[in-house]
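**Student:** Mind looking over this structure? Questions follow.
Protein chains: 2
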Amino acid sequence: MRPSIELYLSTLKEIIDKKLVELLPNSPEPISKLQESMRYSILAGGKRLRPILCIFASEAVGGSVDKALPIACAIEMIHTYSLIHDDLPSMDDDLLRRGIPTNHSVFGEALAILAGDALLTDAFSLIGNEGISNGLAPKVVVEIIRDISKAAGSQGMVSGQALDLAIEGKEVSLEFIERVHSLKTGALIVASVTSGARVGGASEDQLLQLKCYAKYLGLAFQIIDDVLDIEGGAEIGKTIGADARKNKATYPLLVGVERARKVALELTEKAVLELRDFDERAEPLRELAFYLGGRKY
Amino acid sequence: MRPSIELYLSTLKEIIDKKLVELLPNSPEPISKLQESMRYSILAGGKRLRPILCIFASEAVGGSVDKALPIACAIEMIHTYSLIHDDLPSMDDDLLRRGIPTNHSVFGEALAILAGDALLTDAFSLIGNEGISNGLAPKVVVEIIRDISKAAGSQGMVSGQALDLAIEGKEVSLEFIERVHSLKTGALIVASVTSGARVGGASEDQLLQLKCYAKYLGLAFQIIDDVLDIEGGAEIGKTIGADARKNKATYPLLVGVERARKVALELTEKAVLELRDFDERAEPLRELAFYLGGRKY
């Protein structure tokens, strides 16, 4: 019998957390101040959504958890780097993340910037090293690196953050907000899914369908995140109402919470529909979509 | 007849500069504020030492300039990202770099951090994309990514910068300074040479010898850089005496300028000696070593 999605998610989260600790560098002082800072943010927790998506996508096309795990961890390292840098005083200037003080509030700005830089760089090291030692074909490793670096760089996540900063306090359209989301969070979510699919040996058709699934899911996820920011962010470890106070335009602030929730649910349904050609091995992806799209926590 | 090393260096610098412009992203506003910031620092110039080393190393084992060029440019992008982040107020707090205002003095801290992040990430994209389209075997592309990411990450350049910040104002030994250099600048210089060598199809023996060459050269280069900082930094585009004012321990500050120059020359000779098994195709590497080791500019 397949475990419930909640149980499966928490089991996977444990496996990912354990692997992340294993993969983080650990050498003697004084370098370890940097490592301590990297470790701090990696171990601060989080839902591990991106690595889980990577593993689920791999499973959906017949791949194993083990083979996808290092790639999944590398993606979480990139996600964590982006959070550390986004929280910096010159960016979003946040003091709280995942329920604990942000990296720079503990280690100072310089080490926070360097910890982010190191996590990003080490992620590519990890994909190169573990990808090969895990039996992936070099061609697949390169494809994964291309997917992830494109999603994270100046055509993806970083440009999303730049846009996000540029529109602070400005009136923007719904379409523009969607564009920022698709760059800032969507691109890496899509790359998490395609990387996992590549590890599992997906066909071109499967890759395309999974990509569409991830696009819808990513947007739904972000809208719900912004809804939670309004309704009460304490449970997600952020300062409540932070977006509104920063005069940051979000989906629910523009259309209202109720409508935003409805859109998120529609997107979730579209995401799941993209998986119609997949068999029961894609069930975790389907359940995850509904779980996230309707989440109330 | 082979051109003089000066002429060859300036020709290559032009080729590299042109290729870098070509490779930088260029899309419509408002993303382009980020791109403008990336472009600003890439086009600020510099000696292009790392890409030139990459190309020379490739030539030394029979590779072509064209094939090494994209990898060489990716390394320069990583080097440039490290300069942008090192110059930030929370790090070295520098206002001048390569003779012009530092990135954050022009674009602000947030965009400077993001431009660095994007250059680093895009560099891996570039290696993945161009490496393959340039006819490199995926296996070689992965090896290059492993070399470069290891050299740049928490076991290399970033930890060197963290150490450098940690020892500011402290008394340290010559050995410790060498260790900081080998991490902060040496590692990427070594990776520039090994990457180029891999592009050119180097044997394991050749790789090892080129690695030793690069280690000696990297240290000599850094010592001479620190000598120039004392003797007059205007020509290298930095504020004169910046290290001493910041109470930063450097090789020449510890042993004196004359002794430091002598050590740099000895290292240069050791570097060149490592190339004894190479034929005349390694001549640019040899000449470059003497040119840098004894440079007075």
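So the sequence lines, in the order shown, correspond to chains A and B. Quick note, in our numbering, the first sequence goes up one by one and the last residue is 297. Quick note, in our numbering, the second sequence goes up one by one and the last residue is 1297. Idealized CB from N, CA, C, for every residue including glycine. Small disclaimer: the values here were computed from a predicted structure and weren't measured.
Using the rule of at least 16 other Cβ atoms within 10 Å of the residue's Cβ for burial, across every protein chain shown, is VAL1199/B buried or exposed?
**Tutor:** By one-based count along the second sequence, residue 1199/B stands at place 199. Residue environment for VAL1199/B: buried (at least 16 other C-beta atoms within 10 angstroms of its C-beta).
**Student:** The alpha helix (DSSP H) that contains ASN1134/B, what's its start and end?
**Tutor:** Within the second sequence, residue 1134/B is the residue found at index 134, counting from 1. It is not in any alpha helix (DSSP H) - ASN1134/B carries neither H nor E in the DSSP assignment.
**Student:** Is VAL1190/B closer than 9 Å to ALA1151/B when the C-beta atoms are compared?
**Tutor:** Counting from 1 along the second sequence, the entry for residue 1151/B is found at position 151. Counting from 1 along the second sequence, the entry for residue 1190/B is found at position 190. The beta carbons of ALA1151/B and VAL1190/B sit closer together than 9 Å.
**Student:** Mind checking whether LEU1053/B and LEU1285/B have CB atoms under 9 Å apart?
**Tutor:** Reading the second sequence from its first residue, position 53 is the one you call residue 1053/B. Reading the second sequence from its first residue, position 285 is the one you call residue 1285/B. Taking 9 Å as the cut-off, the beta carbon of LEU1053/B is found closer than this to the beta carbon of LEU1285/B.
**Student:** Quick one: measure Cβ to Cβ for LEU119/A and TYR81/A, integer angstroms, because I've assumed they're closer than 8 Å.
**Tutor:** Translated into the one-based positions of the first sequence, residue 119/A becomes position 119. Translated into the one-based positions of the first sequence, residue 81/A becomes position 81. Going by Cβ atoms, the distance from LEU119/A to TYR81/A rounds to 4 Å, so yes, they are a contact pair.
**Student:** Drop a sphere of 10 angstroms on the beta-carbon of SER1058/B, count the other beta-carbons inside from all chains shown, and report buried for 16 or more, exposed for fewer.
**Tutor:** As a first step, residue 1058/B is located in the second sequence; it is residue number 58 there, counting from the start. SER1058/B should be labelled buried.
**Student:** Have a look at LEU83/A, THR268/A, ALA264/A and flag the residue whose alpha-carbon is nearest the alpha-carbon of ARG48/A.
**Tutor:** As a position in the first sequence, residue 48/A is number 48, starting the count at 1. Of the listed residues, the one whose Cα sits closest to ARG48/A is LEU83/A.
**Student:** Under the assumption that VAL1272/B contacts PRO1252/B (Cβ atoms under 8 Å), give the Cβ distance between them as a whole number of angstroms.
**Tutor:** Locating residue 1272/B in the second sequence gives position 272, where the first residue counts as 1. Locating residue 1252/B in the second sequence gives position 252, where the first residue counts as 1. So it is not a contact: roughly 22 Å between Cβ atoms.
**Student:** I'd like to know whether the C-beta of GLU235/A is nearer than 9 Å to at least one C-beta of chain B.
**Tutor:** By 1-based counting over the first sequence, the position of residue 235/A is 235. Confidence is the limiting factor: at GLU235/A the pLDDT is only 49, short of 50, which leaves the residue's position unreliable, though a coordinate-based value still follows. For GLU235/A, the answer is no, since every Cβ of chain B falls outside 9 Å of its Cβ.
**Student:** For SER125/A and ILE16/A, I'd like the C-alpha separation in whole angstroms.
**Tutor:** Translated into the one-based positions of the first sequence, residue 125/A becomes position 125. Translated into the one-based positions of the first sequence, residue 16/A becomes position 16. Looking at the two C-alpha atoms, the distance is approximately 18 Å.
**Student:** Would the beta-carbon of GLY293/A fall within 9 Å of that of LEU174/A?
**Tutor:** For the purposes of this step, residue 293/A is taken as residue 293 along the first sequence, with counting starting at 1. For the purposes of this step, residue 174/A is taken as residue 174 along the first sequence, with counting starting at 1. No. Outside cutoff.
**Student:** Measuring CB to CB, does HIS1104/B end up less than 9 Å from GLN1161/B?
**Tutor:** Within the second sequence, residue 1104/B is the residue found at index 104, counting from 1. Within the second sequence, residue 1161/B is the residue found at index 161, counting from 1. Cβ distance not < 9 Å, so HIS1104/B and GLN1161/B don't count as in contact.
**Student:** Alpha carbon to alpha carbon, what distance is there between ASP1122/B and GLU1014/B?
**Tutor:** Counting from 1 along the second sequence, the entry for residue 1014/B is found at position 14. Counting from 1 along the second sequence, the entry for residue 1122/B is found at position 122. Each residue's Cα considered, the two are about 21 Å apart.
**Student:** Can you check which of these residues, LEU114/A, GLY135/A, VAL141/A, VAL21/A, is closest to ILE127/A by C-alpha distance?
**Tutor:** Taking the first residue of the first sequence as position 1, residue 127/A is located at position 127. For the options LEU114/A, GLY135/A, VAL141/A, VAL21/A, the alpha carbon positioned closest to that of ILE127/A is the one of VAL141/A.
**Student:** At a Cβ threshold of 9 Å, is GLY201/A touching chain B?
**Tutor:** On the first sequence, residue 201/A is found 201 positions in, with the first residue counted as 1. Cβ-Cβ to chain B under 9 Å: no for GLY201/A.
**Student:** Out of ASP1229/B, GLU1231/B, SER1182/B, LYS1262/B, which has the shortest C-alpha to C-alpha gap to ALA1214/B?
**Tutor:** Locating residue 1214/B in the second sequence gives position 214, where the first residue counts as 1. Taking only the C-alpha atoms, the option nearest ALA1214/B is SER1182/B.
**Student:** Leaving out the 5 sequence neighbours to the left and right, which residues in its chain are closer than 8 Å to PRO1003/B when beta-carbon positions are compared?
**Tutor:** Within the second sequence, residue 1003/B is the residue found at index 3, counting from 1. Result list for PRO1003/B: THR1011, in chain order.
**Student:** Closest Cβ-Cβ distance between ILE1127/B and chain A: below 9 Å?
**Tutor:** Translated into positions along the second sequence, residue 1127/B becomes position 127. Cβ-Cβ to chain A under 9 Å: yes for ILE1127/B.
**Student:** On a CA-only basis, which of ALA202/A, GLY99/A, THR102/A, MET38/A is nearest ILE144/A? Give me that one, please.
**Tutor:** One-based indexing of the first sequence puts residue 144/A at position 144. Answer by Cα proximity: ALA202/A.
**Student:** With distances taken from CA atoms, which of GLU1130/B, VAL1021/B, SER1154/B, THR1194/B is nearest PHE1056/B?
**Tutor:** Stepping through the second sequence from its first residue, residue 1056/B is reached at position 56. It is THR1194/B whose Cα lies nearest to the Cα of PHE1056/B.
**Student:** Is the Cβ-Cβ distance between LEU114/A and SER32/A less than 9 Å?
**Tutor:** Translated into the one-based positions of the first sequence, residue 114/A becomes position 114. Translated into the one-based positions of the first sequence, residue 32/A becomes position 32. Taking 9 Å as the Cβ cut-off, LEU114/A and SER32/A do not qualify as a contacting pair.
**Student:** Is the Cβ-Cβ distance between LEU188/A and ILE148/A less than 9 Å?
**Tutor:** On the first sequence, position 188 is the one that residue 188/A refers to. On the first sequence, position 148 is the one that residue 148/A refers to. Closer than 9 Å, so yes.
**Student:** How is the alpha helix (DSSP H) around PHE1278/B delimited, first residue to last?
**Tutor:** Here residue 1278/B refers to the residue found at position 278 of the second sequence. Neither: PHE1278/B is in no alpha helix (DSSP H) and is coded neither H nor E.
**Student:** Could you tell me the distance, in whole angstroms, from the CA atom of ALA1072/B to the CA atom of LEU1024/B?
**Tutor:** The residue given as residue 1072/B occupies position 72 in the second sequence. The residue given as residue 1024/B occupies position 24 in the second sequence. The straight-line gap from Cα to Cα measures roughly 14 Å.
**Student:** Taking the alpha carbon of SER90/A as the point to measure from, which residue in ASP164/A, LYS262/A, GLY62/A has its own alpha carbon closest?
**Tutor:** Position 90 of the first sequence, counted from the start, is the residue given in the question as residue 90/A. Looking at the Cα atoms, ASP164/A is the closest of the given residues.
**Student:** Contact check, ASP1277/B vs GLN1209/B under 8 Å by CB: the rounded distance?
**Tutor:** In the second sequence, counting from the first residue as 1, residue 1277/B sits at position 277. In the second sequence, counting from the first residue as 1, residue 1209/B sits at position 209. Yes, ASP1277/B and GLN1209/B are in contact; Cβ-Cβ is about 6 Å, under 8 Å.
**Student:** Output the residue ranges of the alpha helix (DSSP H) runs that lie fully inside the region 1070 to 1116 of chain B and measure 4 residues or longer, sorted by chain position.
**Tutor:** 1103 to 1107
**Student:** Do you know offhand how far GLY131/A's Cα is from CYS1212/B's?
**Tutor:** Locating residue 131/A in the first sequence gives position 131, where the first residue counts as 1. Locating residue 1212/B in the second sequence gives position 212, where the first residue counts as 1. Computed Cα separation, rounded: 28 Å.
**Student:** Mapping DSSP to helix, strand and coil, what is SER1203/B?
**Tutor:** Sequence index remark: in the second sequence, residue 1203/B carries index 203 (1-based). The answer is coil: DSSP assigns SER1203/B none of H, G, I, E or B.
**Student:** Excluding five sequence neighbours on each side, which residues of the same chain lie with their C-beta closer than 7 Å to the C-beta of LYS1184/B?
**Tutor:** To locate residue 1184/B, count along the second sequence from 1; it is residue 184. These residues qualify, in order along the chain: MET1157, GLY1160, GLN1161, ASP1164.
**Student:** Run through chain A and tell me which residues come within less than 9 Å of MET1077/B, C-beta to C-beta.
**Tutor:** The residue you call residue 1077/B lines up with position 77 of the second sequence. In chain order: nothing, as chain A lies at least about 10 Å away.
**Student:** Looking only at its own chain, which residues have a Cβ that is under 7 Å from the Cβ of GLU109/A, when we skip the five neighbours before and after it?
**Tutor:** Numbered from 1 along the first sequence, position 109 holds the residue referred to as residue 109/A. Once the five neighbours on either side are set aside, the close Cβ partners of GLU109/A are LEU88, PRO89.
**Student:** For the region 150 to 181 of chain A, which residues have a CB atom closer than 7 Å to at least one CB atom of chain B, in sequence order?
**Tutor:** LYS150, ALA152, GLY153, SER154, GLN155, VAL158, SER159, GLN161, ALA162, LEU163, LEU165, ALA166
**Student:** Could you give the residue range of the alpha helix (DSSP H) that holds THR11/A?
**Tutor:** Counting from one through the first sequence, the residue named residue 11/A turns up at place 11. Counting along the chain, the alpha helix (DSSP H) containing THR11/A begins and ends at 5 to 23.
**Student:** Is there a Cβ of chain B sitting closer than 9 Å to that of ASP117/A, yes or no?
**Tutor:** One-based indexing of the first sequence puts residue 117/A at position 117. Closer than 9 Å: yes.
**Student:** Is there a Cβ of chain B sitting closer than 9 Å to that of LEU88/A, yes or no?
**Tutor:** For this step, residue 88/A is matched to residue 88 along the first sequence. Closer than 9 Å: yes.
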